[in-house]
Amino acid sequence: MFSISPTAKTIVAAEPVESSHAVLARYAGITAADIPFDLPMPPPGTTPAPRIKCYKHTPTITLIRGGRSVVVKGPVRPIAPRITEATALGWKKWQEDCAVATAKSFERSKARNGKIKEYFATRRAKKDAERERKYVNACESAHKRGLPTPPRPAYKAPPDDWTLFIKDPELREMLSGARTMSYNARRRRRYEHTNWLAAGRPTEKFIEEFRRADGSLSTAFRTALNITSFELFNSALSKHGTDYGHDKTTVYSQNLTSQTPTSVRDMEYLYVDGMRRCLFVGDLDGWWVDLDSLLADLRRFLPPEFMPNLAAYRGHKTMGGVENPHLIWLLPPGARVIREKGKNKDKQFNLHCMIQRAIVNHLIDIGADPGHTNVGKMKNPLSPKWSVAAQDEFFPTMDDWRRFLPTITPDLREMKTRAKKVKAARTASSPAEVKLSNAIWTDGLEARGIMIRAAQRTQDPTFVKAIKTHAGFVSWLYHPVTGVITRRLIHLHGDTAAVRSVLHAQRELVEELKDTPTAIGQFCDRGRDRERNLMAERDDPFDYSWPKEIKDEIKKKRQRAAGTRSRWSVRDKNRGLIAEEIERRLATGATIDEVIAAKADVVRTLDSSGLVARSTAYRLFDYVADVVSEAARYQAVPAVSILPIDSHPSVDHQPSDQQLESGATEISSEPSVTAMPVDHSVKNPVVRPSKRIISPAEAVRIRKAWREAVVAWRESQLPVPDTGGLVELDLTDTDDPIVCAVLKMRRYTSSRRSGYWH
625 MFSISPTAKT IVAAEPVESS HAVLARYAGI TAADIPFDLP MPPPGTTPAP RIKCYKHTPT
685 ITLIRGGRSV VVKGPVRPIA PRITEATALG WKKWQEDCAV ATAKSFERSK ARNGKIKEYF
745 ATRRAKKDAE RERKYVNACE SAHKRGLPTP PRPAYKAPPD DWTLFIKDPE LREMLSGART
805 MSYNARRRRR YEHTNWLAAG RPTEKFIEEF RRADGSLSTA FRTALNITSF ELFNSALSKH
865 GTDYGHDKTT VYSQNLTSQT PTSVRDMEYL YVDGMRRCLF VGDLDGWWVD LDSLLADLRR
925 FLPPEFMPNL AAYRGHKTMG GVENPHLIWL LPPGARVIRE KGKNKDKQFN LHCMIQRAIV
985 NHLIDIGADP GHTNVGKMKN PLSPKWSVAA QDEFFPTMDD WRRFLPTITP DLREMKTRAK
1045 KVKAARTASS PAEVKLSNAI WTDGLEARGI MIRAAQRTQD PTFVKAIKTH AGFVSWLYHP
1105 VTGVITRRLI HLHGDTAAVR SVLHAQRELV EELKDTPTAI GQFCDRGRDR ERNLMAERDD
1165 PFDYSWPKEI KDEIKKKRQR AAGTRSRWSV RDKNRGLIAE EIERRLATGA TIDEVIAAKA
1225 DVVRTLDSSG LVARSTAYRL FDYVADVVSE AARYQAVPAV SILPIDSHPS VDHQPSDQQL
1285 ESGATEISSE PSVTAMPVDH SVKNPVVRPS KRIISPAEAV RIRKAWREAV VAWRESQLPV
1345 PDTGGLVELD LTDTDDPIVC AVLKMRRYTS SRRSGYWH
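So the numbering used here is basically just the index in the sequence shown, starting at one, shifted up by 624.
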């Protein structure tokens, strides 16, 4: 994995170097001027091995006790945290539960491993006996014919993909268990990282292992270091499958993958249990020269008893230090908020959210990010791919936080405004530079709109050619030399570090949208609402000569409508998924009353599949059941019948895939069974009265809207091929080594956010 910049030096080879212009022109019949990049390539047969510049990471665990910082190389002496009267019972129960869970896990693993060993020992003995029997028969046959004794057959290794042809399900299960057992045994000794990505960054090989005081190897799990913070964080994870990710963009569910709990805890990012509130998280944006500098900044705002229990971080690519750490404050066992237990649970959850926001508000002056709203996902302090600072002396409760914080009701808009000023101030040395940075940012946004509108109206050939691909459009805007926004800002404010910083930030935003301007409208920052905004612009033109108050009011109105549409689409998608699960059970022959009685099982199925959250499914289930029952009644037989649909010979059956449009059939007050379309996916008609007043025709219309929302959601989940912004050439069938190298680097660079091709 490597990146190529436009300023890459030519690779020295034994023969003259042929540029990528000539290579692609030779296969596509185009000129070198038509290709917007230049990457020198070696001649055929002399392609050197790529030189990958990897980040050197050394996992470091720093323990902070009594105001002193010590780097941990192995298990330490455990200490008792501060225990109050309110949390004493919780700490005691937590320790007992941990001991019981450890014993059960040990017994369960021992039984499973013993079963696997016994199975393979029996299988091996059986195969050895069969092999010996065949050899004896071969020897007897040879002696009868007067031939010498044949040699024993040599062992023949199976092919590499032999596991793909196993038909015995028990053997497949045992092989999977044996591999898991072997992986866990190796992982307990040490963690080894090869030259591969770690949190989205190419990282050199490193090993994390721990040793006891006598020098012997210890278990290489951070939870085995006798540090309470690691154990508490591990207990905050879901025991029914944890969501994880290798970077900030993609999330996977353990229930839908083959990852073991041990391997999941080595992932870079983890989701904590959503049904419990066990911790607070703060995302600091910035860089510190070392860990002591970060702790000194924190001490300016937090006393020792409110210092974070865990801080997961990694150094800068070139400068090292501490970059963008995640701070984690763990609640003691007696003060956690659990959804299923206790009174006033909603009030406690709301209080937790208020304290979470107040902590971020309190630390904005040192870089806390108020935009980090997905606080359930964080850098995993249990993963060796991050360095961690741990503190296990103090675990404040929510009451402690409420008494300490200046306010627990901060204004989110004011927080974001203050965070922008602080971020600008951290990169400037005077108030004048802060105001200048804000002016540069505003000028960049305005210049983007002006340049795009001007290019659209004049049909600038350079612009028309650039917007054919997203990468070309980004390069047209923010190329370091020829970009229209780059040249405009440098002309207005000069080529300074502040200008380059603003250009880099705005370019990242446009790259993330992965969109280009259409022929009739201006590029919109809110890519999901672009088409709707274009229609609104066409039907109700926006005159830029209007007063500022009118323009601001129209913009706010469109933003509110966009947010409402987004919430509606998510709501309809969730209801549609719940309705599909209910109808699936109805199709098996169950009645609607039986499905409602099995509400917990339906919710458990949806939650385990990762489609709908448990709390959301419980909240929406009753209404969805009413709509499904009314829609099924409308599409089946009259409500006076209690027999299955198939038992009515007089029903005029329609094809099962026919959909009923709302308003297509008028409902008569008299019973009739001849004019109703029939949905064969629902075997039992519904006869129970609905709790809500929903007409059958309205129920069918609502069900159709849910179905469309689910279809749109599933289509959005399909992977979209990324062209990487290069010229579309069909070179996949060639064996030329130069073209293969170009395609390989194209695939890698197209997945990078930095856009080295432009």
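The beta-carbon is built from N, C-alpha and C at its ideal position, and this holds for glycine as well. No experiment lies behind these values; they were computed from the predicted model shown.
With three or more CB-CB distances shorter than 8 Å, the stretch 899 to 906 counts as touching the stretch 856 to 867. Contact check for Ile851 and Leu687: beta-carbon distance about 6 Å, within the 8 Å limit, so the pair qualifies. Closest option to Thr1215, judged by alpha-carbon separation, among Ser1253, Ser1232, Gly1200, Ile1202: Ser1253.
Considering only Asn1004, Ala802, Asn933, Ala778, the residue with the shortest C-alpha distance to Asp890 is Asn1004. For Lys680, same chain residues with a beta-carbon under 7 Å away, outside a window of 5 residues either side, are Glu828 in chain order. Shown here for Ile1326: same chain residues with a beta carbon closer than 6 Å to its own, the five before and five after excluded, namely Val1251 in chain order. At the C-beta level, Arg981 and Pro1034 come within 8 Å of one another.
Excluding the 5 residues flanking it on each side, Arg1238 has same chain C-beta neighbours closer than 7 Å at Met899, Val1227, Asp1231, in chain order. In the three-state scheme derived from DSSP, where H, G and I count as helix and E and B as strand, Thr686 is classed as strand.
If you draw a straight line from the Cα of Ala1255 to the Cα of Asp1225, it is about 22 Å long.
Here the C-alpha atom of Glu832 lies approximately 26 Å from the C-alpha atom of Ala727. Of the candidates Val1105, Asp1217, Val1334, Cys678, the residue whose Cα lies closest to the Cα of Gly939 is Cys678. The Cβ-Cβ distance between Phe1018 and Glu929 falls below 8 Å. Taken atom to atom, the span from the alpha-carbon of Val961 to that of Gln972 is near 7 Å.
When the five nearest sequence neighbours on each side are left out, the beta carbons in the same chain lying within less than 6 Å of the beta carbon of Glu855 are those of Thr847, in order along the chain. The Cβ atoms of Ala959 and Ser853 lie no closer than 8 Å to each other. Within the same chain, Arg811, Arg812, Arg813, Arg814, Tyr815, Glu832, Glu833, Phe834 come within 8 Å of Ala844 by CB-CB distance, once the 5 residues on both sides are set aside. Excluding residues up to 5 positions away in sequence, Asp921 lie with their Cβ nearer than 6 Å to the Cβ of Ile990 in the same chain.
Beyond the five residues adjoining it in sequence on each side, Met798 comes within less than 6 Å, by CB distance, of Ile740, Tyr743 in the same chain, given in chain order.
Distance from the CA atom of Thr1031 to the CA atom of Arg689, rounded to whole angstroms, is 29 Å.
Under the DSSP assignment, Leu1137 falls in the alpha helix (DSSP H) whose first and last residues are 1121 to 1137.
Put simply, the backbone Cα of Gln878 is about 20 Å away from that of Arg732. A Cβ-Cβ contact shorter than 8 Å links Thr1110 with Leu1127.
Every unbroken stretch of the alpha helix (DSSP H) spanning 4 or more residues and falling wholly within the stretch 842 to 885 is given here in chain order: 852 to 859.
Here His1094 is buried. Its C-beta has 16 or more other C-beta atoms within 10 Å. In the three-state reduction of the DSSP assignment, Asn1198 falls in the helix class, which pools H, G and I. Cβ-Cβ distances below 6 Å link Trp718 to Pro957 in the same chain, with the five nearest sequence neighbours on each side left out; the list follows chain order.
In the DSSP secondary-structure assignment, Tyr893 is bridged to Gly869, Lys1003. Under the DSSP assignment, Tyr937 falls in the beta strand (DSSP E) whose first and last residues are 934 to 940.
The C-alpha of Lys1181 is placed about 51 Å away from the C-alpha of Trp715.
When secondary structure is reduced to three states using DSSP, Thr1082 falls in the helix class. Thr997 carries a coil assignment under DSSP once its states are collapsed to helix, strand and coil.
Each residue's CA atom was taken as its position, placing Tyr779 and Asp752 some 12 Å apart. In the structure shown, Ile952 adopts extended strand secondary structure according to DSSP, grouped into three states.
For Gly995 and Leu841, the gap between their C-alpha atoms comes out near 42 Å. In this structure, the CA atom of Lys1138 is about 47 Å from the CA atom of Ala725.
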